[in-house]
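Engineer: Under the working numbering, think of the first position of the sequence shown as 4, with each following residue one higher.
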Amino acid sequence: MIYLTKICLDGLIDCLDPDCCSSNRCQSTIECISRTTAKDILLRRQAPSPSASFFERMQFLIQEDGLQTSSIYTSFNERRASVMRGQIFYKKFLPLNGVKVQVFNNPNQGYTISDKDGFFNLLINGGGSVLIQFIRQPFQTKQYAFIVPWNTFLHIGYVYMDEIIENNICHRNLSETIQPKLWDTSLDRSFITNNKFDYAYTLGSQIIRQSISIDKNDLPIKFIYLSSSSTRRYQSILTIVLTGNHIDDDLIQLHLSISIEGTFFMKKFHADTNLIYEYEWPRRNAYDQNVHGLAEAIVSIGYEYMNCNQIDWYRKSVKITGQDIPTANIGGWTFNVHHKLNIQAGDGTNMLLTDSPLQFSTLIGVRDQSRSIDCRNCYENQALLTKLLNPTSLTVSNDGTIYIGDLNIIWMYRSATNLVKPVLELNEQYTYKYYLTTDPVDGRLYISDYYRRQIIRLIKTDSIENLKQNYEIVVGDGHYCALDLIQNITCGDEQLAKHVSLSYPKGLTIDRYGTIYFIDGQRIRKLSIDNSHVTNLVGSYEYQIDYHKQLSCNRTYSLDQFKLYNPTTLHIHPLDGDLYVLDDMYLYRIRINFNLVEIVLGQSLNCLNNENFIQLNNPIDFSFNYQGDLFLLEKFKPFIRVLRSSNNELENLNLNLNNIKINFASIINYPDGSVILTNIPSKEIFKLKSISLTNEDEQNYGLNIHSTDKNEIYVFNRVGQHRATIDALTGETIFNFTYDSPQNAYGKLESINYRNGKSLLLKYDYAMRINDIIQMPSGNKLKINFSKQKFFSHIIDDNGLSTQFLYDNGLLTGIIKNNIIRNHFIYNKAGHIQQIIHEDGYYNELLTSANHSFYRIDIINPNENTTYLMSKSKTIQLKNNQPRLVRRDLSNSTIVISTLDPSVKLISSSNRSLTLKNRHQTIEFNSIFQFSNSLIYSVLPYDNEQIRSCHLKINNNIVLTMLFDHFEKKLIIQDYKQNEILTMIYSDKYRLKSINTRGFLPITYTYKDNDQKLSSWKIGSYYEEFLYDTRGRLIEIQRFNDLASIKYSYGHGEQVSLII
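1. If you drop the 5 nearest sequence neighbours on each side, which residues of the same chain put their C-beta closer than 6 Å to that of SER232?
2. Decide yes or no for the touch test of the region 73-87 against the region 125-133: beta carbon pairs closer than 8 Å, at least 3 of them.
3. In whole angstroms, what is the alpha-carbon distance linking LYS784 and ASN864?
4. Which residue or residues does DSSP assign as beta-bridge partners of HIS482?
5. By Cβ distance below 7 Å, which residues in the same chain neighbour LEU752 in space, the five residues on each side in sequence not counted?
6. According to DSSP, simplified to helix, strand and coil, what is PHE156?
7. Using CA atoms only, rank isn't needed, just tell me which of ARG647, ASN628 and GLU67 is closest to VAL603.
8. Could you work out which residue in ASP768, VAL477, MET779 and ILE138 is closest to ASN759 when comparing CA atoms only?
9. Using DSSP with H/G/I as helix, E/B as strand and the rest coil, what is ILE181?
10. Is it the case that the Cβ atoms of ASN430 and GLN385 are separated by a distance below 9 Å?
11. Check ASN596 in the structure and name its three-state DSSP category.
12. On the premise that TYR437 lies in contact with SER396, defined as a C-beta separation below 8 Å, what is that separation, rounded to the nearest angstrom?
13. Taking the C-alpha atoms as reference points, what is the distance between THR512 and ILE575?
14. Between ASN655 and the rest of its own chain, which residues show a CB-CB distance below 7 Å, the 5 nearest in sequence each way excluded?
15. Alpha carbon to alpha carbon, how far is ASN393 from LEU70?
16. Return the Cβ separation of SER669 and ASP624 in integer angstroms, given the expectation that the two are a contact with Cβ distance under 8 Å.
17. Tell me whether TYR940 is buried or exposed, calling it buried when 16 or more other Cβ atoms sit within 10 Å of its Cβ.
18. In three-state DSSP terms, what is TYR382?
19. In its own chain, which residues sit with a C-beta less than 6 Å from the C-beta of GLY524, not counting the 5 before and 5 after it?
20. Between PRO2 and PHE689, what straight-line distance do the alpha-carbon atoms span, to the nearest angstrom?
21. Which whole-angstrom value describes the C-beta separation of ASP1001 and GLU983, a residue pair presumed to lie in contact below a C-beta threshold of 8 Å?
22. So, for LEU850: in the same chain, excluding its five sequence neighbours on each side, which residues have a beta-carbon less than 6 Å away from its beta-carbon?
23. With DSSP run on the structure shown, which of helix, strand or coil describes ASP315?
24. Identify which residue in CYS556, HIS725 and ALA833 has its Cα closest to the Cα of LEU706.
25. What does a CB cutoff of less than 6 Å around SER626 pick up in its chain, not counting 5 residues either side in sequence?
26. Is GLN472 helix, strand or coil by DSSP?
27. If we ignore side chains and look at the alpha-carbon of each, how far apart do LEU658 and VAL106 end up?
28. So the candidates are ARG1042, TYR474 and ASN1013; which of them puts its Cα closest to the Cα of LYS1021?
29. Taking the alpha carbon of ARG762 as the reference point, which residue from GLY782, ARG772 and ASN747 has its own alpha carbon closest?
30. Residues bridged to GLN457 by DSSP?
31. In the DSSP output, which residue or residues are listed as bridge partners for GLU1039?
32. Considering LEU134, what are the terminal residues of the beta strand (DSSP E) in which it resides?
33. Out of LEU391, ASP730 and TYR204, which has the shortest C-alpha to C-alpha gap to LEU366?
34. Straight-line CA distance for VAL104 to TRP316?
35. Which class does SER852 belong to by DSSP, given the choice of helix, strand or coil?
Listed below in structure tokens is the structure:
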């Protein structure tokens, strides 16, 4: 650097040289000029509301005086808009100013220039692959492609303008023992309460909740303090377990990078055992804006080995909690009954809309009605009026356009217009499923045409003159591939695509740079975008019938020697870029850079006792969402299982199917987070989505959110204000809330009205901070005070008891009642509770640690030590060395209390409230089972308020299923094969009408007097009739088949006096 400075000072100044930017002559040039930052721009603008859309929060980049030049506002799609951010360097560590950053071949989106610290910010349309150019003299122009989801603030990492990248293959058997583990405990909002001192704390997120009752008798409202809501000191922690007890001898270094909301963190570690890192996120994005609700963290963990020039990367996505959405701010406190949409209830518990049961709807098609095969009358029509014939294939483009393979017709659906139209007509001989994909760069449709033995591409989507000719050939000469290595017939390997012969093209996919991978028979072949040549990637032309023999208990195998049996579906992982292929009963990951094939799902027949492998259940198809979660479609229930990127755990996806006949054929993940399915029997395309504020009805009218724990319904308006709380059992309004600006997300809460007529009125000062709270109708002011920092500092209750609150930068540190310190709270540097001390000296101290299996919290106090072992699906309490399972969440509601010896004893005793439209029913479970390992009883949500499902699982396998259909009044119990064991049918008054049991004669019942009295029952040829007197008393049971009747007589009372 000293040498270069001398050159710049001797009169030979080249302002293109970044080392000369410190020269006065260069500081005004475009390469060296100092530019404003995004933070500086935002300081001059009004902050957006917490409910503002992503585009509304980020559009300042393209507005006047923004950071993006020459962009056309209308070229950005609000639904797809995303921001790409990164940092540019040269000479490994020097920030590079003046780099022009733009989307290749898309001038309408403009360009931006990196600042003096090398940062750039670029607003783009997300969805699929975005090719970014980096231009600055004297460096060579760089181009990199990135997969960018919709509405995402993505930090792409570091860009080195003088770096030369070598794509070498590392031939090494990677470790099968290293699997990094992520623990995001910030989502844990299960509170452990101390009623004596009115506080509670969480285990994972380590939040303190303090409560104060306002009126215990007539107004069940409490003031609530949450340490996570009241200060910026509280940070969300992500714990990353990098290594376990064993590492390979040639592992030399580990790399860790984390990208959250435009921020980027990178760190390196020397190889060692039991490496754990805690990352503290301040819950703000790169522009120092508050991030509310949930944020997506992209975590990359790389393992560097000796004599291997490739880093073994594991890329995972995990949800992490941002700032609590502010409710009524009473000096850092709020009300327990007042909630905010999407993340947090007033009492601190989470209500995550994304974790709510998926809503089920028909997207395209008319149920049980089909079109004619010639389709001469096929035209553009409304989605729900378009008849389908045999929908088997799906794909989605980067802009959200859906293509449906429907036998000889390929349809196109655009969500913006809700219209469907045919775009290509194929031969009527397509009796098997063909496969579709779209180019992530330009969104064009590709079809794997097994009938023509070609890969074809759609020419256009509008103004189509001839549906049968609207395609062009990409790969294949149309001839059948008959390999003969003796005669040197290789079907076009290493030749141009137009000279290649195919045998049976099936699944295909395209990477972010445009390279096409496609299945051809038992092989996966590759069409390189560089030279248009086709090469063989994996598999053999020889028919494989005993391919199981190659699979042992190993997870990885050499790519060169690996054989495929019946590969069908092919996709590219959006985070790590590896190929994934579904082959019969296995799902493989193909790691080209390491020349390896890895078993992701499926269990080898040669290794049936290995618990590390997960057996598949007749897999049909699979798909990835942008977060890297794998959605696996199978032939039998539960139909869809999800392999989460964050923890590699396979979980069931609950479907509400309304007794529709099911035969799913294809699955895709839509960019907005919903799941799209084709169903052949009903001729429909289904959509599954979480509750959100995305469709028109919800934007206009808001949402009703059901609380299963409290049997309450929370009513929110379209800007996220909590308007009312309704009793789900009676329909009665419990609380009403009013605001000074009902249609403004910043509207202030004015009153809380309880159903008994009492209410609270909130008065604000000139700075819009709560000054007084008045109880109505009495008009009494609550005796509360606020500190100079405007924190809630003092309250006097109706009995004259004085309570003071002490703070440290917003964190509640002490509670003083009548001049006696009742509680003292001590926090760590991240604002997490570490120690709670009572007035009598009793204390609880929280210590945390983690490994691959559990996140551990030790609670130490003078009397005993208690340990909690937390995983995603369960929490285990170890008390006095006795294990006890205290929580297990398989769906939204599971009832389990258990000891954990090798022979697990499950004891469940609980009331479960079920709401059936306007009817409420309580089911009591009180039973004891003895099984080995583990037994789980799970209650699944309603299927569109019609069907209730319950499963009994042993060792994660479904043993019994109980289905209750509210409309048909039918209870069905099925075995593990879904065979009906028992069917019970009820009347409209819920009186039992019949029992059908497999292997036994059916039993029927009849009733009289409006279903109040049993009239008769029958089994086979035997039946009994029941006779009653005018007072409704049973007087005779008439039994048939020559059996004597039974008669009853009564004395003066209602007791039976004589039985004959």
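Note that beta-carbon positions come from the ideal geometry of N, C-alpha and C, so glycine has one too. Treat the numbers as computed from the prediction; the structure is a model and nothing was measured.
Structural biologist: If we stick to the structure as given:
1. Residue mapping note: residue 232 aligns to position 229 of the sequence shown, counting from 1. The residues are ASP327.
2. yes
3. Here the question's residue 784 lines up with position 781 in the sequence shown. Here the question's residue 864 lines up with position 861 in the sequence shown. About 40 Å.
4. One-based indexing of the sequence shown puts residue 482 at position 479. For HIS482, which the question treats as bridged, DSSP gives no partner whatsoever.
5. Here the question's residue 752 lines up with position 749 in the sequence shown. Here the set comprises ALA331, HIS341, PHE740, TYR742 and LEU765.
6. On the sequence shown, position 153 is the one that residue 156 refers to. Of the three classes helix, strand and coil, the one that applies to PHE156 here is strand, per DSSP.
7. Within the sequence shown, numbered from 1, the residue matching residue 603 stands at position 600. Per the Cα distances, ARG647.
8. What you label residue 759 is simply residue 756 of the sequence shown in a count that begins at 1. Nearest C-alpha to ASN759: MET779.
9. Your numbering for residue 181 matches position 178 in the sequence shown. Three-state result, ILE181: coil.
10. In the sequence shown, counting from the first residue as 1, residue 430 sits at position 427. In the sequence shown, counting from the first residue as 1, residue 385 sits at position 382. Against a cut-off of 9 Å, the Cβ pair of GLN385 and ASN430 comes out as no contact.
11. Stepping through the sequence shown from its first residue, residue 596 is reached at position 593. In the structure shown, ASN596 sits in a helix (DSSP, three-state: H, G or I).
12. Counted from its first residue, the sequence shown places residue 396 at position 393. Counted from its first residue, the sequence shown places residue 437 at position 434. That belief holds up - the Cβ atoms of SER396 and TYR437 are roughly 6 Å apart, short of 8 Å.
13. The residue labelled residue 512 in the question sits at position 509 within the sequence shown. The residue labelled residue 575 in the question sits at position 572 within the sequence shown. So the two alpha carbons sit approximately 7 Å from each other.
14. Start at 1 with the first residue of the sequence shown, and residue 655 comes out as number 652. Closer than 7 Å at the Cβ level, and outside the excluded window around ASN655, lie PRO641 and ARG644.
15. Looking up residue 393 in the sequence shown gives position 390. Looking up residue 70 in the sequence shown gives position 67. Roughly 50 Å separates the two Cα atoms.
16. Numbered from 1 along the sequence shown, position 666 holds the residue referred to as residue 669. Numbered from 1 along the sequence shown, position 621 holds the residue referred to as residue 624. Right, their Cβ atoms sit about 5 Å apart.
17. On the sequence shown, position 937 is the one that residue 940 refers to. Bear in mind that a pLDDT of 36 at TYR940, under 50, signals an unreliable position, so the model cannot answer this.
18. Counting from 1 along the sequence shown, the entry for residue 382 is found at position 379. Coil at TYR382, not helix or strand.
19. Within the sequence shown, numbered from 1, the residue matching residue 524 stands at position 521. The residues are SER506 and TYR507.
20. Here the chain covers residues 4 to 1063 and nothing more, so residue 2 does not appear.
21. Within the sequence shown, residue 1001 is the residue found at index 998, counting from 1. Within the sequence shown, residue 983 is the residue found at index 980, counting from 1. For the sequence presented, residue 1001 should be read as Arg rather than Asp. Right, their Cβ atoms sit about 7 Å apart.
22. Translated into positions along the sequence shown, residue 850 becomes position 847. The answer, listed in chain order, is ASP861.
23. Sequence index remark: in the sequence shown, residue 315 carries index 312 (1-based). It is a strand residue.
24. Residue 706 sits at position 703 when you count from the first residue of the sequence shown. Ranking the options by Cα distance to LEU706, first place goes to HIS725.
25. Residue numbering aside, residue 626 sits at position 623 when the sequence shown is read from its first letter. If we look at SER626 and ignore the five residues flanking it on each side, its Cβ neighbours are PHE634, ILE670, ILE671 and ASN672.
26. The residue given as residue 472 occupies position 469 in the sequence shown. Looking at GLN472 - three-state DSSP - the assignment turns out to be helix.
27. The count along the sequence shown starts at 1 and reaches residue 658 at position 655. The count along the sequence shown starts at 1 and reaches residue 106 at position 103. Taking the straight line joining both Cα atoms gives about 40 Å.
28. The sequence position of residue 1021 within the sequence shown is 1018, counting from 1. Comparing Cα-Cα distances from LYS1021 to each of ARG1042, TYR474 and ASN1013, the minimum goes to ARG1042.
29. In the sequence shown, counting from the first residue as 1, residue 762 sits at position 759. A small correction: the amino acid at residue 762 is Ser; Arg does not occupy that position in the sequence shown. Minimum Cα distance to SER762 is reached at GLY782.
30. Position 454 of the sequence shown, counted from the first residue, corresponds to residue 457. Answer is ASP452.
31. Here residue 1039 is taken as the residue at index 1036 of the sequence shown, counted from 1. Its beta-bridge partners are LEU1030 and LYS1050.
32. Counting from one through the sequence shown, the residue named residue 134 turns up at place 131. Per DSSP, LEU134 belongs to the beta strand (DSSP E) from 132-138.
33. As a first step, residue 366 must be located in the sequence shown, where it is residue number 363. Comparing Cα positions, the closest option is LEU391.
34. Indexing the sequence shown from 1 puts residue 104 at position 101. Indexing the sequence shown from 1 puts residue 316 at position 313. Near 27 Å, if we compare the C-alpha coordinates of TRP316 and VAL104.
35. Against the sequence shown, residue 852 aligns to sequence position 849. Correct three-state label for SER852: strand.
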